[in-house]
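A.B. asks:
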Amino acid sequence: MRAATGLWRWRHNPLRRTTDLVEAWVAVMAAFLLFLAVPAAGWAAGVSANTSLQHSVRLQQRERVPTVAQVVRTADTPAEAESAADRNAEPGAEEPLRPAVVARWTAPDGSARTGTVTTSRDHAHAGAVFPLWTDRTGRAVTPPMHPDTARAHALIAGLTVALLSAFLVESARRLVVHRLMRRRYARLDRAWAQVGPDWGRTGTGS
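Count the sequence shown with our numbering and you get residues 0 to 205, in order.
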């Protein structure tokens, strides 16, 4: 970014090359993007993610109902355990390391339901009761997302977008500077090829 500092000094410098001026302006533009555009992009992404996630939170809170389930017995077969894990896992989440049990609970319409669910090890014995969330039809589901969890996910999304944007800006700046340096060296090589053979000879002005 030192090129940006020297931009004013380069204006009337007789040794200034076009590539020097281009590099300085590229540095200025990169600084502008890093200090203004990148934070704005991260903030916009975070706000958008938070709005979407908070909507999902409100929707889950409306559609999911808390109840209390009672353990009938532990899940005896691998198929029952696998069914419980699939039912209580969020998309993309790792399989929960909790025991599967056959439990009984009451659906929102008052009907009795029995199914295989997962619970903590402290509640895995027959007769134990534990909190359970169901949908409006009485099917066991995962608890609704907490608003604070949604905000944390939105913050991570905003920071990720900001970091990626900053990386792209800096990568683009370095790529431009690299190409400018190659152009300078190429011009220097051509100039030396023209002057080099006569360097130091009498009458050549060198």
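Built from N, CA and C at the ideal position, the CB exists for glycine as well.
Please read these numbers as outputs of a predicted model, since none were measured by experiment.
Secondary structure at Thr50, three-state DSSP: helix, strand or coil?
C.D. replies: Helix.
A.B. asks: Whole-angstrom Cβ separation of Val64 and Arg135, contact assumed at under 8 Å?
C.D. replies: Between Arg135 and Val64 the Cβ distance is about 7 Å, and since that is below 8 Å, they are a contact.
A.B. asks: Just to confirm the assignment, what range does the beta strand (DSSP E) spanning Ala99 have?
C.D. replies: Ala99 -> beta strand (DSSP E) spans Ala99 to Thr105.
A.B. asks: Kindly list the residues whose CB is nearer than 7 Å to the CB of Ala153, restricted to its own chain and excluding five residues on each side of it in sequence; keep chain order.
C.D. replies: Cβ neighbours of Ala153 beyond the five flanking positions: Gly45, Ala48, Asn49 and Leu52.
A.B. asks: Kindly indicate which residue of Ala185, Arg181 and Ala171 has the alpha-carbon position closest to the one of Ala29.
C.D. replies: Closest by alpha carbon: Ala171.
A.B. asks: Counting along the chain, where does the beta strand (DSSP E) carrying Thr115 start and finish?
C.D. replies: Thr115 -> beta strand (DSSP E) spans Ala111 to Thr117.
A.B. asks: Determine the contact status of Arg97 and Ala106, defining contact as a CB-CB distance below 8 Å.
C.D. replies: No, the pair does not count as a contact, with Cβ atoms beyond the cut-off.
A.B. asks: Could you give the C-beta distance for Leu131 and Thr66, rounded to a whole number, given that I count them as a contact under 8 Å?
C.D. replies: Leu131 to Thr66, Cβ: 5 Å. Contact.
A.B. asks: So for Thr66, helix, strand or coil by DSSP?
C.D. replies: Reduced to three states, the DSSP call for Thr66 is strand.
A.B. asks: Is the CB-CB distance between Ala102 and Val70 below 8 Å?
C.D. replies: It is a contact, given that the beta carbons lie within the stated cut-off.
A.B. asks: Going by alpha carbons, who is nearest to His145 out of Leu174, Leu158, Ser55 and Asp108?
C.D. replies: Nearest option by C-alpha distance: Ser55.
A.B. asks: Using 8 Å as the threshold, is the region 120–130 in touch with the region 32–42, meaning 3 or more CB pairs across them?
C.D. replies: Contact fails: fewer than three Cβ-Cβ distances are below 8 Å.
A.B. asks: So what does DSSP say about Pro95, is it helix, strand or coil?
C.D. replies: Confidence is the limiting factor: at Pro95 the pLDDT is only 49, short of 50, which leaves the residue's position unreliable and the question unanswerable from this model.
A.B. asks: One question on the structure: do Val116 and Ala149 come within less than 8 Å of each other, judged by their Cβ atoms?
C.D. replies: It is not a contact, given that the beta carbons lie outside the stated cut-off.
A.B. asks: What ranges does the alpha helix (DSSP H) occupy inside the region 142–180, keeping only unbroken runs of at least 4 residues that lie completely in it?
C.D. replies: You should have found no qualifying run.
A.B. asks: Can you give the Cα-Cα distance for Tyr184 and Trp191, rounded to whole angstroms?
C.D. replies: Approximately 10 Å, taken between the alpha carbons.
A.B. asks: Whole angstroms are fine: how far does the CA of Leu187 sit from the CA of Ala165?
C.D. replies: Going from the Cα of Ala165 to the Cα of Leu187 covers about 33 Å.
A.B. asks: Could you tell me which of Gly114, Asp108 and Val160 sits nearest to Ala36, measuring between CA atoms?
C.D. replies: Ala36 has its Cα closest to that of Val160, out of Gly114, Asp108 and Val160.
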